[in-house]
Structure formats: C-alpha cells, structure tokens
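Chemist: Structure below; questions to follow.
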Amino acid sequence: MVTVEPPIERLSQRELRNESARVLREVGEGRSFVITNSGVPVARIVPLSELTPALPVTRPARRRGGWAKLGIERRESSQDFLQSLDDLRSDRG
Numbered sequence: 027m028v029t030v031e032p033p034i035e036r037l038s039q040r041e042l043r044n045e046s047a048r049v050l051r052e053v054g055e056g057r058s059f060v061i062t063n064s065g066v067p068v069a070r071i072v073p074l075s076e077l078t079p080a081l082p083v084t085r086p087a088r089r090r091g092g093w094a095k096l097g098i099e100r101r102e103s104s105q106d107f108l109q110s111l112d113d114l115r116s117d118r119g
C-alpha cells in the first residue's frame, strides 16, 4: 500500500498575514505550508508532530570582537552583590 502525501500549499506573506487563523487551524490538523515572499520560498510551516531535521554543527561558536577584544580581567570583590547594591543605593540619598 502506497501512501501519497498531499502537495504542500504555497502561501504568500500577505495571505499568511490575512488568513493566519485559517492557516494555524490547518497546521494544527496536520497540514504543511510553504511561505513565499515575492514568489520566492522563504519558510515552511509544519505541525509540531513532524520530525525536524537535525542541523549538524559544522563548527563551534566563537566570540570575536566587542567586549572580548578589550581584554578586561574580572576582579573578585570582597562584597557580595546585595552589599554592593546597598552601597550604590546609599549614595543616592
């Protein structure tokens, strides 16, 4: 027995915006959609019950630039956070 899946309907971004209730109801019933922007497919809406393909990690994330470039070393404080906060608050009054 061969099961044939129905074709995935294509929706424009405008149709998704205007008919979001209908689309979400149909997704909840097991239907999938491809969303297009100016005719170009950009996204797919699928029910949560469908398995999502695992994305392979090709390289670990690295931190570049920003604060890491400054080379600031953390200093340990003799005060805990609440003591420091109380000190800051007392400076206001």
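For my numbering, add 26 to where a residue sits in the sequence shown, where the first one is 1.
Backbone N, C-alpha and C fix where the C-beta goes; we use that ideal spot for every residue, glycine too.
Fair warning: this is a prediction, and the values are worked out from it, not measured in the lab.
Does the distance from the C-beta atom of Val60 to that of Arg40 stay below 8 Å?
Modeler: Cβ distance not < 8 Å, so Val60 and Arg40 don't count as in contact.
Chemist: Go to Leu37, then tell me how far its beta strand (DSSP E) extends in each direction, as first and last residue.
Modeler: It spans 35-38 - the beta strand (DSSP E) in which Leu37 sits, taken as one unbroken run.
Chemist: For Arg48, which of Arg100, Glu102, Asp106, Ile71 has the nearest alpha-carbon?
Modeler: Cα-wise, what sits closest to Arg48 is Ile71.
Chemist: Could I get the ranges of all uninterrupted alpha helix (DSSP H) runs contained in the segment 49-111, with 4 residues as the minimum, in chain order?
Modeler: List check, alpha helix (DSSP H) in window: 93-96.
Chemist: Compute the Euclidean distance between the alpha carbons of Pro67 and Gly56, then round it to the nearest angstrom.
Modeler: Computed Cα separation, rounded: 20 Å.
Chemist: Quick one, which of Asn44, Asp117, Ser38 has its alpha-carbon nearest Gly10's?
Modeler: Here the chain covers residues 27 to 119 and nothing more, so residue 10 does not appear.
Chemist: Distance, Cα to Cα, Asn44 vs Thr84?
Modeler: Those two C-alpha atoms are separated by around 38 Å.
Chemist: Between the beta-carbon of Gly54 and the beta-carbon of Pro33, is there less than 8 Å?
Modeler: The answer is no: Cβ separation not under 8 Å.
Chemist: Would the beta-carbon of Ser103 fall within 8 Å of that of Ser110?
Modeler: A contact, by the Cβ cut-off of 8 Å.
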